[in-house]
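Student: Sequential numbering from 404 applies to the sequence shown in our numbering.
Virtual Cβ for every residue (Gly too), placed ideally from N, Cα, C.
Being a predicted model, the structure only gives us computed values, none of them experimental.
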Amino acid sequence: MRVCFDTQGGGTANPNEDWVAGSPTLAIVLDGLSTAGLSTGCRHGVPWYVANLGGHLLAALADLDRPLTEGLADALERVAAIHPECDLSDPGTPSATVAILRHKYGVLEHLVLADSPIVLDGPEGYTVISDLRVDDVLPELRAEVESHQTHTSGHREALQRLVLAQRQVRNTPEGYWVAASRPEAAQHALTGTTPLRGIRSAAVMSDGVSRLVTEYGMATWADVFATLQAGGPRELIETVRKTEATDPTGIRWPRYKSGDDATVAYCQW
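(1) Taking contact to mean at least 3 C-beta pairs separated by less than 8 Å, is the stretch 622 to 633 in contact with the stretch 584 to 600?
(2) Once DSSP output is grouped into helix, strand and coil, what is the label at H486?
(3) Three-state secondary structure (DSSP) at R559?
(4) Here's a check: name, in chain order, each residue in its chain whose Cβ is nearer than 6 Å to the Cβ of L631, leaving out the five neighbours to either side.
(5) How long is the line joining the alpha carbons of A568 and L541, rounded to whole angstroms?
(6) May I ask you to check if the CB of D664 is nearer than 7 Å to at least one heavy atom of the ligand FAD?
(7) Relative to the alpha-carbon of E512, which residue among A476, R469 and L535 has its alpha-carbon at the smallest distance?
(8) Pull up the distance between the alpha-carbon of L479 and that of T472, whole angstroms please.
(9) Leaving out five residues on either side along the sequence, give the residues of the same chain with a beta carbon under 7 Å from the beta carbon of H558.
(10) Does the beta-carbon distance from A665 to V643 come in below 8 Å?
(11) Which one or two residues does DSSP pair with L514 in a beta bridge?
This is the structure we're talking about:
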C-alpha cells in the first residue's frame, strides 16, 4: 500500500488539531474536537492529545494480527496514563475522531469513530464509510449555530452552547462516541473488512476535506479521486480552501468555522 498525505490548519489563529500518518499497511487520520474556547481539565491541549494518540496507534497496530478495536483501546489507555495529573473525567477532556484503514493479507480493514470518513474506489463505484451518529444529537442547537455568520459574537456564543451540550452526551449510549480518555469507546467504533481485489485506491480524511462533497456539494467522489490522482492531497485541500474562500462568513454554507482543519491520506495499490 502506497500512502501519501497532507494536512493543513483551518486558519492562522489556532494550531492544526488534525493528525495523520501512513505506512505500508496503515493510514490513520485523527480530527481533534474543537474546545470552542472552553476549559478541558487538561493542561496539554488537543494537538498534544492527537499526536500522542496517533503515535500509540501506529505502535499498537503494527502487529497485523491485533484487532483494530483492541489497538485503539490500548492506545487510549496509554495516552490517559501519561497525563494522570489532568482531570480525565472532565467532559471536555481532549478528544478526537478516528479513521483507520489497514491492509492485511489481501483484505482492507477499517475502523471509524465519529465523522472522519473513509472512501473506497472500487469496481462498483465509491463506498463511503462514516460514523454520523453525532448528526442525530442536539439538532436544535446545531441549527442555532448555523443561523449565524461565522466570526460573529452570536455564532461564537451559540457554538459554545452546542459544545457544552455535546460534552454531556459524548461517549454515552444516548449520544455519540469519540476517542477521549475511556478505552471502552473503541468498542463503539464502526468496523469491517473489504476484499482488496478490485479496489483501485482509497482516501482517509477529516470532515474538513469531505465537506467539499457532503456539505458544499461542489464536487463528487469521482472529482475528489481525480484530483487526488492528478495533484495529490495538497491539491485537494487547496480545492476545499478555494471553495470556502467564496463564502468566508458561512452564508451559503452555514458551518462552525470559516475553514476547518483539513487532512487526507491517499492510498493506492
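Tutor: Quick look at the numbers:
(1) no
(2) coil
(3) helix
(4) L639 and Y669
(5) 8 Å
(6) The model depicted lacks the ligand FAD and carries no ligand whatsoever.
(7) R469
(8) 11 Å
(9) V548, H551 and Q552
(10) yes
(11) I503 and T594
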